[in-house]
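Asks: In UniProt numbering, the protein residues as written are 1 to 77.
Beta carbons: idealized from backbone N, C-alpha and C, even for Gly.
Note that the coordinates shown come from a computational prediction; the quantities given were computed from them, not determined experimentally.
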Amino acid sequence: MTSLLGASHPMIWKFIEAIQKQRTLTELKVTKSTAGQPSLPAKKKYVKKADKIKSIVEYPRHDLIDSYLVGLAGNRE
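(1) Is DSSP giving Q37 helix, strand or coil here?
(2) Can you tell me the Cα-Cα spacing of residue 78 and Y59, whole angstroms?
(3) Hey, how far is the Cα of L25 from the Cα of S55?
(4) Look up K43 in the DSSP assignment and say whether it is helix, strand or coil.
(5) Just tell me which of P41, V70, G36, M11 has its CA closest to the CA of K52.
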């Protein structure tokens, strides 16, 4: 490639290689997902946050709309 371009830019080539690797990994994830293979399990902290949001939405206290919105936005009780 150096003779083709007349100059050597190793940083650009490393960047291109990194993009190609990332593309390959992304295509692999899409293929696995399309085939029905389960993805990696979610981290524990994200599962807890999702459960907390779900409980806030499922059981809203309409008399306390301010605390409902704050809890939903801040993911607090």
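Replies: Answer, in terms of the structure:
(1) Coil.
(2) For the chain, the structure presents residues 1 to 77; residue 78 sits outside this window and is missing.
(3) 35 Å
(4) coil
(5) V70
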